[in-house]
Structure formats: C-alpha cells, structure tokens
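Trainee: A single structure is presented below for examination.
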Amino acid sequence: MINKTLIGLATIAVVSAAASGAAHARDRIQVVGSSTVFPYSQAVAEEFGNKSGKPAPVVESTGTGGGMKIFCQGLGPDHPDVTGASRAMKKSEWEACQKSGVTDITEAMIGYDGLSVAHSRKGKTLNLTTQQLFLGLAAQVPDKSGKLVANPYKTWKSIDASLPDTKIQVFGPPPTSGTRDAFVELVMEKSCEEYPAYSKLDKDKKKEACSRMRQDGLFIEAGENDNLIVQRLDSDPTAIGIFGYSFLYENQDKLLAVKINGVDPSFTTIQDGSYPISRPLYFYVKNAHRKAIPGLEAFLKEYVSDAAMGANGYLHERGLVALTDAKRKEMAAGVTGGKKMDAPTK
Amino acid sequence: MTEGSSNFARHDWDGADARRRLKRRYAANTRLKLYGLSAIVLALGLLAVLLGSLVMTGYKSFVQTHVTFDVYVNPENYDQANPFDSDYRTMIRDSFLKLFPEVPPGPQQRQLFDIPSTGAQLKLREIVAADPSVVGSTIRISVPVSDEFDQFQKGEGSRDAAEDARRVNDRQIVWFDKLAADGKISTPFNWTLFNSADSRFPELAGLKGAIVGTFYLLLVTFVLSFPIGIAAAIYLEEFAPKNKWTDIIEININNLAAVPSIVFGLLALAVFLQTFGLPRSAPLVGGMTIALMTLPTIIIATRAALKAVPPSIREAALGVGASKHQVIIHHVLPLAMPGILTGTIIGMAHAIGETAPLLLIGMNAFMTSASVGILDPATTLPTQIYIWADSPERGFVARTSAAILVLLGFLMLMNGLAIYLRRRLERKW
Chain A
1 MINKTLIGLA TIAVVSAAAS GAAHARDRIQ VVGSSTVFPY SQAVAEEFGN KSGKPAPVVE
61 STGTGGGMKI FCQGLGPDHP DVTGASRAMK KSEWEACQKS GVTDITEAMI GYDGLSVAHS
121 RKGKTLNLTT QQLFLGLAAQ VPDKSGKLVA NPYKTWKSID ASLPDTKIQV FGPPPTSGTR
181 DAFVELVMEK SCEEYPAYSK LDKDKKKEAC SRMRQDGLFI EAGENDNLIV QRLDSDPTAI
241 GIFGYSFLYE NQDKLLAVKI NGVDPSFTTI QDGSYPISRP LYFYVKNAHR KAIPGLEAFL
301 KEYVSDAAMG ANGYLHERGL VALTDAKRKE MAAGVTGGKK MDAPTK
Chain B
347 MTEGSSNFAR HDWDGADARR RLKRRYAANT RLKLYGLSAI VLALGLLAVL LGSLVMTGYK
407 SFVQTHVTFD VYVNPENYDQ ANPFDSDYRT MIRDSFLKLF PEVPPGPQQR QLFDIPSTGA
467 QLKLREIVAA DPSVVGSTIR ISVPVSDEFD QFQKGEGSRD AAEDARRVND RQIVWFDKLA
527 ADGKISTPFN WTLFNSADSR FPELAGLKGA IVGTFYLLLV TFVLSFPIGI AAAIYLEEFA
587 PKNKWTDIIE ININNLAAVP SIVFGLLALA VFLQTFGLPR SAPLVGGMTI ALMTLPTIII
647 ATRAALKAVP PSIREAALGV GASKHQVIIH HVLPLAMPGI LTGTIIGMAH AIGETAPLLL
707 IGMNAFMTSA SVGILDPATT LPTQIYIWAD SPERGFVART SAAILVLLGF LMLMNGLAIY
767 LRRRLERKW
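Pasting the structure below:
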C-alpha cells in the first residue's frame, strides 16, 4: 500500500516538474553582483514587479568579483543580465567578458556609497582623521625614527593627546568583503602615502604593508553581517565599527557617527565629496539581452528614472547617495541609449 | 587446595577495607549519574537560552501595526482602460491627508504620509481588481504602517529620546498618537509573514516565497534520493557479494555522510550549473545537490531497517516457493518501511536547514513573488533567514528571529511525524 502511494506521489512530482520545465525560456530578469548595490537593485526589482505586474526580477548578492565572474561567462538565458559593482570593472574582467562574447556592455555609475565609522550613543564622542584611523588600525606603523614597527598603540590617546583615553577596539568587515576593500583603498593606502617609510619599499611589499590590518586583537573582523556589528557596538560603548552608510542611517537611534577629518557623513557631504570615505557604485548591463529578455528595457528605465534615482527617489530613501542632476541625466541617457563602454584602463 | 581456600577465607567482605571500597564504588555511581544529569541540564539550558532569545526578539513580528481609514476610490484617478496602472497612490494619499486637514502641504504632508506603508496602494489595487464596483465609493481599509512607526508602536526606541536620535520626529509622534486615540491603530496578527513573498519593506515582507521554494526543493530531493537510496540499500543488503569492492563502497557511503555540505555546493556549481548548464537559483539544482547529501543517510537507515527484519520471515517466504524478488518486495521491504521512512524524514529534516550549498548555486535570491515551478528561481527558509539577517532595516531583526522560529516549527513537525510513523507502524518480533 505504502509503495503504491509513494509511486503515485513520485509520478505527480515528476509530471509537475516536466510541466514547469517546458515553460523554461527565461521570463525573469536576473541581477547579480555587489552586496552594496544589492539593496538598490532589490528596490528597483520590487518596484518594477509591482508596477508592471510582470514576474519579479531575481536579485542575488554575489559580491562584486563573484558577480563579474558570472556576468562575463557568456550570453543567453543561462547567464545574468545585469551585475552590480562597488568599484569599476577591471581590465581583466572586461577581457574575460570579451572572450566569451559579451562585447557590448553599458556601464552606469548610479551614485555613491559612504563608509561610516560609528560608535554607540552611550559612548564618548570621537572625531578622527583618516591618518589617526590608519595609525590605530595598521599592522605596522612608522616609529619616531621612521622605521616600521609592530603597531604599539593601545589607546586613542596614545596616538594623539587630544583624543579620549579609551581602548582602541574596532569591529570591521573581513577581507572577503567589498566594504573592506574600499576601506583599505580609501583610508589605509591613502594615509600610507604620507609616510616616507613606506615609499622606500618595493611595490608589492608596500601594498602589503599598507593594507594589512593589525592582528593583535584590537581590530576585530566581525563577519559580513553589518547588523551584528551594530548590535555589538550597542553593547560596548567604547568600541567603534566600520560599515556601510545605510546601516548608520537605519540605526541613528543607537549609533553616533565618528567625524572623519571633521566631516559628519550625510547625504550632502558624501555627494559633494567632502566626506573622505566614499566610493562610486555601478551596474553593468548586457546590451545583447535587451531584446531577448522581456522587460529588461523597462527595468533599466525604472532603475534610472527620476522616481528611483532623483533627489527624493526611493533609492535615496534606502541610503543611496544620488548623483547630481546633470550627471544623472547623462547617465540615464547612456543607459536607455545602450551606450557601449570602452575598455577600462586599469 | 587448603592454601587456596584459606586465601578465600581471608577475604573479609564485611571489613572496613571492603566497606570503604564499596562506598567508593557507590560514590562513583552517583558521580556518573550527576555528570549525565548536569550534561542534560546544560543542554536544556542552552536550548532554553537559544529559544528564549529567539522568542524575545521574534515575538513582536508576529503582530503588525495597522492603520484603518476610509479611502475614497476616486474615479478621476481610475483608469478604466488599464485598471492595473491606475493612480492608487493618489487615492490613498488624498484620503489619508484628509484625516489631518490642518497639516499644510509640503514637507509636513510628506512626513505625515510616511505613516502608512507603501504597500497600501497595492492593497487598494487588489481590492479594486477584485471588485471594480467600489470605484466612486468610499471604502474602509486597514493597511500596515511603515516600519519606523511599527517599531515605535512596539516600543523600540524611546519617545523621550532626543529627536535626532529616533526615526520618527516629534510631529509624527503627535499625529500617530492622535490616530491611536481615535482607535485607528490596531495590532492584528501578522498574516503577511506567511502569505506574501519577500519585500524590501519589512512590514510587507513574508515567508511565502521561502516556504514554496523549500517545498519544491524537498520534493526534488525526495523524488531523487528516496528511490535511489532504497534501491542502493536493497542491492547492498540483499544481493551484493561480500568482497573487497562492496567493502570499499560501504566505507565510501559512510564517508560521504560526513563530507561538509559546502563541498557539495561547489560540486553542484561546477557540474550542474557550469557543465550541464542548468538554471541558476532553481530548486531543481538545489534539490539535486541536497539529494546527494541525504542519499548516504537514507542508504544507511534503509540498510539498518532491512537488517532488522528477522531471517525467519525471509526463510519462510523462500520455503513456500517465493523468489528472491518476491521475498524482498512482498515481505522484507514492507516490514522495513517504518525504519526507512523514519530515516528518510530525518534526512529531509536535515536537508531543510541546509544553507551553505544553496548559497553557492544562487538560491539566496531576492524575489517579490513566489516561484511557480522547480526551474523557476526560488529561495528557501534558511537562505531567506540569511538575507534578512543581512538587511539594514530595523524591522528585519525581529523578522529574522521569527523566520528562525518558523523553520524550527517545520523541523519539529517533521521530527514529530517521524516519531509518529515509527510508533504507528513499528512491529515487534
């Protein structure tokens, strides 16, 4: 008896599988890419699904590098249409794309992402310069004679007498995260330039020395999950954390931003570039898919529309620091017109 | 002999020495019992802490703050030719702003209109689509409030905090309090959590997509691993000769059961997606991957169940002239079925919580509608938890815990089913 029921169940399952299999010529738009661009693509996908009544696009967070890899694997329904990136496409990635036939790509810079450094509202206010951040976090720093030594600073006060006498304790993203890449590039490598001790080293060694974070337990890699960092900061008022600006924006009741070089992170300061730790965000689209995938054209239009990206658009509500109007119009025209991108130089 | 018996006699069973030894043995017994007991107390305590913290953070998301108000379905905003694209937002906006006629247009009205969720217009669209005759009349609708007000109503973030330290400003609190005083605010059970798919707005996000995806995934897993597992076990147990080769196969099956799940994910990525070109994020691929992981569990459980059928039954059937095939299909397999089913359900329960391999094949996709087949992209419960845990919106913190509770509920249900089947069908010889 049991056997027969099971066989029946299995048949139903196989038949339903076959039925849904017949319908497979992709009717959903596929978006992959950076976890930083993910919330924005998510918002556009939801809005597009609601407005058009078409099947909602599939948005997946794969990281910038992972997204590029899948994106550049080829054309056709088995490969995604759009990928988000928290940095521009690299030359090597562009070449991989060319090799697999993905030659006609449109690049769109959609806005900026600020990296915020913040601590609990229960803690003492802290203002830092990028240089002080570097000295607090690097694995090796120059001593008085300019020689590189293991980072001796244990408190902020020991870096600069004007800073509070609290222990250096920083929660930050792990090396696999795009946020970490951005932090290293914008804070660590930039500050590094100011010390002659590093420029003496050869290129690879310099890069390594500049980007290595201290490993004596004062910088703590807190995993990819920014929410966990927020929760840990809440329970430890002297600790500070590094994460995307949208998490600061959502948790204003718990967190207080650390002013960097005297500037508070906000939509205005990130947009005009006065806040020093911010990076551009991009998405890339395969132009060959525009006709083949139903709705892709409309989806892109929604992405660059005023309602989404304008000064009061819903992407702004999610924390995207939008482009200025002139830049946005130029970008939108490029996306709707399918402007082909040139080979990146780097 | 005499020496031996005198030796025996010298042993004093009631002497101080023996008593001390006896006492020590009893003490060791008690200690062992206590170790066991404290291990159980510790395990239960940890479980209680886990469940307690989940319930403490998650229970609030099982209710959702709603605001109820009258909406005039304005024919001017209704597009007869294309009802789907009508301007429902304006209808909601006009009607909602009417509740506070004193609020001047501009930023203040925008702040006021922050109170109802963006989902309100979708709800109105649904109502009108179901019954177009409401156009031109006034209807009462109850819609979720947006996340910051939901959090506020649930007591997250004190109203005494400085204005820039909370998500809702002083003016919005006054409006919200007035709505509450007028009885327009209610907190009903949050059905959205179960009957809608994911959304970027916590107040509109639900688990339907994840539950449907999990169902498809388990279906594929079951259809693949159950017959294959049983067939493999029957061959190994009933037909296979005992030699070097079967030993190697047996060892490998046992090893396979211990392989970390991420390895299966990498295998699926390389073979199913890149070589076979199967679609990304599809439950078919997820199910195939998980089936590979559950196969060893099912084979091992089935073999144990087959072994437990007494030889007398086999011999009796053979004795009355049944063939080997008849013995297995008519007698051994049905008798072993309770054990096989239990093993399978436990394997499935294991599969339902699997995350790592699914992340690699893209089953952590964000989708605002549930998938419609095993080739359509989908998420599963654990990957949905993963997505929510990583979202910045405050409302998702509680919803993550709620989703975990739902997943635990499913697990308990499945394990309960396994226990029930075992009790019900078990036979003693």
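So the sequence lines, in the order shown, correspond to chains A and B.
Residue 76 in the working numbering sits at position 76 of the first sequence; the count goes up by one each step and never skips.
Take the position in the second sequence, starting the count at 1, then add 346; the result is the number in the working numbering.
Just so it is clear, CB atoms sit at the ideal spot from N, CA and C, and this is done for glycine as well.
Only a predicted model underlies this, so the values are computations on that prediction, with no experimental measurement involved.
With a threshold of 6 Å on Cβ separation, who are the neighbours of K124 (chain A) within its own chain once the five nearest residues in sequence on each side are excluded?
Mentor: Correct list, in chain order: P164.
Trainee: I'd like to confirm the pairing. Which residues does DSSP put opposite R486 (chain B) in its beta bridges?
Mentor: R486 (chain B) is bridged to B:D416.
Trainee: Can you tell me which of the three DSSP states Q140 (chain A) falls into?
Mentor: Residue state, collapsed to three classes: strand.
Trainee: Measure from the C-beta of E661 (chain B) to each C-beta in chain A and report whether the shortest distance is under 9 Å.
Mentor: No, its Cβ sits nowhere closer than 9 Å to a Cβ of chain A.
Trainee: Under a CB-based cut-off of 9 Å, is L468 (chain B) close to chain A?
Mentor: True, the Cβ-Cβ gap to chain A drops below 9 Å.
Trainee: Only counting the same chain, and skipping five residues up and downstream in sequence, which positions put a Cβ closer than 8 Å to that of K254 (chain A)?
Mentor: Correct list, in chain order: S120, R121, V230, L233, D234.
Trainee: Please specify which runs of the beta strand (DSSP E), each continuous and at least 3 residues long, are wholly inside the region 42-96 of chain A, giving them in chain order.
Mentor: Listed in chain order, the complete beta strand (DSSP E) runs (minimum 3 residues) inside the region 42-96 of chain A are 58-60, 82-85.
Trainee: Check this for me: beta carbons of G633 (chain B) and S407 (chain B), under 9 Å apart or not?
Mentor: Contact flag unset, no.
Trainee: Using 9 Å as the threshold, is the C-beta distance between S492 (chain B) and D544 (chain B) below it?
Mentor: Going by C-beta atoms, S492 (chain B) is not nearer than 9 Å to D544 (chain B).
Trainee: Along the chain, where does the beta strand (DSSP E) containing H676 (chain B) start, and where does it finish?
Mentor: Neither: H676 (chain B) is in no beta strand (DSSP E) and is coded neither H nor E.
Trainee: Strictly under 9 Å for the Cβ-Cβ distance: is R769 (chain B) near chain A by that measure?
Mentor: Not closer than 9 Å to any Cβ of chain A, the Cβ of R769 (chain B) fails to qualify, so no.
Trainee: Taking DSSP as the reference, what is the three-state secondary structure of K530 (chain B)?
Mentor: Coil.
Trainee: Can you give me the Cβ contacts of V419 (chain B) inside the same chain, cut-off strictly under 7 Å, excluding the 5 residues immediately before and after it?
Mentor: Only M437, V474, V480, V481, G482, S483, I485 meet the Cβ criterion.
Trainee: Between which two residues does the beta strand (DSSP E) containing F171 (chain A) stretch?
Mentor: F171 (chain A) -> beta strand (DSSP E) spans 170-172.
Trainee: Using the beta-carbon of each residue, which ones in chain B are nearer than 9 Å to V102 (chain A)?
Mentor: Within 9 Å Cβ-Cβ: nothing; V102 (chain A) doesn't reach chain B, min ~16 Å.
Trainee: Looking at chain B, is there any beta carbon in it that lies within less than 9 Å of the beta carbon of E350 (chain A)?
Mentor: It is not possible to answer for residue 350 (chain A), since the shown part of chain A is limited to 1 through 346.
Trainee: Taking the beta carbon of L296 (chain A) as the centre, do at least 16 other beta carbons fall within 10 Å, making it buried, or is it exposed?
Mentor: Flag for L296 (chain A) reads buried.
Trainee: With a threshold of 16 other CB atoms inside 10 Å of the CB of G21 (chain A), please say whether the residue is buried or exposed.
Mentor: Low confidence applies here, because G21 (chain A) scores a pLDDT of 44, under 50, leaving its location unreliable and the question unanswered by this model.
Trainee: With DSSP run on the structure shown, which of helix, strand or coil describes T640 (chain B)?
Mentor: T640 (chain B): helix per DSSP, three-state reduction.
Trainee: Going along chain B in order, which residues have a C-beta closer than 9 Å to the C-beta of D78 (chain A)?
Mentor: Residues of chain B passing the Cβ test: L619, G623, L624, P625, R626.
Trainee: Determine whether the beta carbon atoms of A715 (chain B) and G559 (chain B) lie at a separation below 9 Å.
Mentor: Strictly speaking, residue 715 (chain B) in this sequence is Ser, with Ala absent from that position. Against a cut-off of 9 Å, the Cβ pair of G559 (chain B) and S715 (chain B) comes out as no contact.
Trainee: Report the residue from B:L753, B:M758, B:I686, B:D506 whose alpha carbon sits nearest the alpha carbon of Q730 (chain B).
Mentor: Looking at the Cα atoms, B:L753 is the closest of the given residues.
Trainee: Cβ atoms of R318 (chain A) and Y112 (chain A): under 9 Å apart, would you say?
Mentor: It is not a contact, given that the beta carbons lie outside the stated cut-off.
Trainee: By Cβ distance, which residues of its chain are closer than 6 Å to S542 (chain B), with the 5 residues on each side in sequence left out?
Mentor: Contacts found: G552, K554.
Trainee: Considering only the alpha carbon of each residue, which of B:P450, B:D416, B:T725, B:G465 lies closest to F561 (chain B)?
Mentor: Nearest of B:P450, B:D416, B:T725, B:G465 to F561 (chain B), Cα basis: B:T725.
Trainee: Note down, in chain order, every chain B residue with its Cβ under 9 Å from the Cβ of R86 (chain A).
Mentor: The residue you asked about is not Arg; residue 86 (chain A) is Ser in the sequence shown. In chain order: nothing, as chain B lies at least about 15 Å away.
Trainee: By the 7 Å beta-carbon criterion, what residues does the region 726-749 of chain B contribute toward chain A?
Mentor: Within the region 726-749 of chain B, the residues whose Cβ lies closer than 7 Å to some Cβ of chain A are A735, D736, P738, E739, R740, V743, listed in chain order.
Trainee: Of all Cβ atoms in chain B, is any one closer than 9 Å to the Cβ of I270 (chain A)?
Mentor: Cβ-Cβ to chain B under 9 Å: no for I270 (chain A).
Trainee: Measure the alpha-carbon distance for Q499 (chain B) versus T411 (chain B) and round it to whole angstroms.
Mentor: Rounded to whole angstroms, Q499 (chain B) to T411 (chain B) spans 7 Å at the Cα level.
Trainee: Give the secondary structure of R279 (chain A) by DSSP, where H, G and I count as helix, E and B as strand, and everything else as coil.
Mentor: Of the three classes helix, strand and coil, the one that applies to R279 (chain A) here is strand, per DSSP.
Trainee: To the nearest angstrom, how far is it from the Cα of S384 (chain B) to the Cα of V82 (chain A)?
Mentor: Near 55 Å, if we compare the C-alpha coordinates of V82 (chain A) and S384 (chain B).
Trainee: Which residues in chain A have a C-beta closer than 9 Å to the C-beta of P723 (chain B)? List them in chain order.
Mentor: In chain order: R28, Q30, V58, E60.
Trainee: Taking 9 Å as the CB-CB limit, is N515 (chain B) close to chain A?
Mentor: Cβ-Cβ to chain A under 9 Å: no for N515 (chain B).
Trainee: Could you please tell me which residues of the region 703-715 of chain B, in chain order, have their CB closer than 8 Å to any CB of chain A?
Mentor: Taking 8 Å as the Cβ-Cβ cut-off against chain A, the residues of the region 703-715 of chain B that qualify are G708, N710, A711, F712, M713, T714, S715.
Trainee: Give a yes or no on whether 9 Å exceeds the smallest Cβ distance from N50 (chain A) to chain B.
Mentor: Output row for N50 (chain A): interface = yes.
Trainee: Output, in chain order, the set of chain B residues within a Cβ distance shorter than 7 Å of N225 (chain A).
Mentor: Correct list: A735, D736.
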